[in-house]
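Here the structure is laid out as structure tokens; the discussion comes afterwards.
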Amino acid sequence: MEEDLPRRRARCEPGTDAAPGPHRALTRATLPDRTRRSKMGMLEGKTALVTGAGTGIGRGVAERFAREGARVVIADRDADAAAGAAAAIGAAARAVVVDISDEASVAAAFATLESDGWAPDVVVANAGVQLFGQDAKAADLDLDVWRRTLDVNLTGTFLTVKHAVRSMLRGVDEAAGGGSIILTGSPTGLNGEGADFTAYSATKAGIHGLARTVAAAYADRNIRVNTVVPAYTETSLVTSISTNPEDRAAIIGRIPLGRPGAPRDVEGIMVFLASDDGAFATGSLFAVDGGMSTL
Ligand SMILES: NC(=O)c1ccc[n+]([C@@H]2O[C@H](COP(=O)([O-])OP(=O)(O)OC[C@H]3O[C@@H](n4cnc5c(N)ncnc54)[C@H](O)[C@@H]3O)[C@@H](O)[C@H]2O)c1
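Below, the structure is given as structure tokens:
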């Protein structure tokens, strides 16, 4: 396995020594020396793709990953938002326009990244939608709204995971594979958090199950898959709640720590799961939600 590393490095960043981390099984020999690494970022040498990183939680995570030394791919269907987020990070970032609900679009994004030497070691499948005002109690829910929610949140997350796994299996050592995939879940996938959140909650419960199944399927290839559950977080996704004082107070009232979440609240756990420190974590669900889903 060790003998293969230079081949992957050359593929990732021809002609430089600052190559991203190869997809490889971590062995005692390849695990970083944490005392020597102490002044380095947690993600030095890694390349991470974050979907939905044009704004909100995904953008916060991508910016933090870059501060931790990773190269980051801002993957979003909103071209302007993706370009803006990548420009704010600088040379360590690039924007890729992708619609996660369209398999051809997802496959093309991974193919482009691989051919450009930006094959990701870390993929955060984070993009999602919540169709407030359309999602409804089950008896009132239009099939079209159900399908549009599933198309992005569940099918889109599946397609991201599918092509991430394929890309990681094409890494340096076909036998070993290797990589970290992180899905963004939700308290709504664990509890009955909102009577009108039928389609959205179903997708998030599906995402939690998807993560465990894929984690079990590819553990022998050292591909780790985990879910992070944020709390209610005041991004553009939830404007209809955050701008309504009553609704806002009600949802914050369900968070034992007494405040909304912020992207920074989940950045740390995402960094851990993306990093070599998280090398033994797979198939797990990490709620960083102020106690919303657990207390
Ligand atoms: N905000 C919350 O309260 C909250 C709580 C728990 C979980 N989440 C989850 O966190 C994730 C991020 O949400 P956010 O609050 O940052 O939302 P956001 O609306 O701020 O950002 C979502 C991003 O995803 C992109 N996107 C949407 N559909 C896409 C598609 N088909 N292909 C590619 N990109 C697409 C959007 O363009 C946007 O940039 C979502 O999965 C959401 O369900 C959010």
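Every position in the sequence shown, counted from 1, becomes a number in the numbering used here once 6 is added. Cβ atoms here follow ideal geometry from the backbone N, Cα and C, with glycine treated the same way. Every value quoted in this text rests on a predicted model; they were computed, and no experiment measured them.
ask   = Between Ala222 and the rest of its own chain, which residues show a CB-CB distance below 8 angstroms, the 5 nearest in sequence each way excluded?
value = As a position in the sequence shown, residue 222 is number 216, starting the count at 1. Contacts found: Gly289.
query = Taking DSSP as the reference, what is the three-state secondary structure of Val244?
reply = Counting from 1 along the sequence shown, the entry for residue 244 is found at position 238. Looking at Val244 - three-state DSSP - the assignment turns out to be helix.
key: Closest by C-alpha distance to Trp124, when choosing among Ala72, Arg65, Asp148, Lys52   = The residue labelled residue 124 in the question sits at position 118 within the sequence shown. For the set Ala72, Arg65, Asp148, Lys52, the Cα lying nearest the Cα of Trp124 is the one of Lys52.
ask   = Is there contact between the region 268–287 and the region 242–260, where contact requires at least three CB pairs shorter than 8 angstroms?
value = No contact exists between the region 268–287 and the region 242–260.
message = Looking at Ile80: is its Cβ nearer than 8 angstroms to the Cβ of Ala88?
response = The residue labelled residue 80 in the question sits at position 74 within the sequence shown. The residue labelled residue 88 in the question sits at position 82 within the sequence shown. Closer than 8 angstroms, so yes.
request  = Indicate the three-state DSSP secondary structure (helix, strand or coil) for Phe203 in the structure shown.
outcome  = Indexing the sequence shown from 1 puts residue 203 at position 197. DSSP places Phe203 in coil when its eight states are reduced to three.
task = Spell out a yes or no on whether the region 131–139 and the region 184–201 are touching, meaning 3 or more CB-CB pairs, one atom from each, closer than 8 angstroms.
result = A contact exists between the region 131–139 and the region 184–201.
message = Any heavy atom of ligand 3 closer than 7 angstroms to the beta-carbon of Arg83?
response = Judged by which ligands are present, ligand 3 is missing from the structure shown, whose ligands are ligand 1.
message = Against chain B, does Val220 count as a neighbour if the rule is that its beta carbon must be under 8 angstroms from one of theirs?
response = In the structure shown, chain B does not exist; there is a single protein chain.
query = Three or more C-beta pairs closer than 8 angstroms, one from the region 53–69 and one from the region 267–278: is that the case here?
reply = Taking one beta carbon from each stretch, the region 53–69 and the region 267–278 have 3 or more pairs nearer than 8 angstroms; the two touch.
message = Going by the DSSP bridge assignment, what does Val294 pair with across the sheet?
response = By one-based count along the sequence shown, residue 294 stands at place 288. In DSSP, Val294 forms a bridge with Pro236.
query = Applying the criterion that 16 or more other CB atoms from any shown protein chain within 10 Å of the CB defines a buried residue, is Lys210 buried or exposed?
reply = Start at 1 with the first residue of the sequence shown, and residue 210 comes out as number 204. That one is buried.
key: Limits of the beta strand (DSSP E) - the one that Asp283 falls within   = The residue labelled residue 283 in the question sits at position 277 within the sequence shown. Where Asp283 is concerned, there is no enclosing beta strand (DSSP E), given that its DSSP letter is neither H nor E.
ask   = Span of the beta strand (DSSP E) holding Thr57?
value = One-based indexing of the sequence shown puts residue 57 at position 51. Unbroken beta strand (DSSP E) run through Thr57: 53–57.
ask   = So the alpha helix (DSSP H) Ala85 belongs to, where does it begin and stop?
value = Along the sequence shown, read from residue 1 onward, the residue named residue 85 stands at position 79. Residues 85–95.
inquiry  = Measuring straight from C-alpha to C-alpha, what distance separates Pro236 and Phe292?
reply    = Numbered from its first residue, the sequence shown carries residue 236 at position 230. Numbered from its first residue, the sequence shown carries residue 292 at position 286. A direct Cα-Cα distance of roughly 9 angstroms separates Pro236 from Phe292.
query = Are the beta-carbon atoms belonging to Glu109 and Leu165 less than 8 angstroms from one another?
reply = Counting from one through the sequence shown, the residue named residue 109 turns up at place 103. Counting from one through the sequence shown, the residue named residue 165 turns up at place 159. The answer is yes: Cβ separation under 8 angstroms.
key: Own chain residues within Cβ distance below 6 angstroms of Gln136, not counting five before or after   = As a working mapping, residue 136 is identified with position 130 in the sequence shown. Around Gln136: Tyr206, Leu243.
inquiry  = Considering only DSSP beta bridges, list what Ala131 is partnered with.
reply    = For the purposes of this step, residue 131 is taken as residue 125 along the sequence shown, with counting starting at 1. Per DSSP, Leu189.
ask   = Can you tell me the Cα-Cα spacing of Phe138 and Gly47, whole angstroms?
value = One-based indexing of the sequence shown puts residue 138 at position 132. One-based indexing of the sequence shown puts residue 47 at position 41. Taking the straight line joining both Cα atoms gives about 38 angstroms.
message = Just verifying my parser: in three-state terms, what is the DSSP assignment at Ile275?
response = Reading the sequence shown from its first residue, position 269 is the one you call residue 275. Reduced to three states, the DSSP call for Ile275 is helix.
ask   = Can you give the Cα-Cα distance for Leu216 and Leu119, rounded to whole angstroms?
value = Here residue 216 refers to the residue found at position 210 of the sequence shown. Here residue 119 refers to the residue found at position 113 of the sequence shown. Answer to the nearest angstrom: the Cα atoms are 24 angstroms apart.
ask   = For ligand 1, any of its heavy atoms closer than 7 angstroms to the Cβ of Ile63?
value = Indexing the sequence shown from 1 puts residue 63 at position 57. True, at least one ligand heavy atom lies under 7 angstroms from that Cβ.
ask   = Comparing alpha-carbon positions, which option in Leu196, Gly200, Val128, Arg154 lies nearest Ala76?
value = In the sequence shown, counting from the first residue as 1, residue 76 sits at position 70. Nearest C-alpha to Ala76: Val128.
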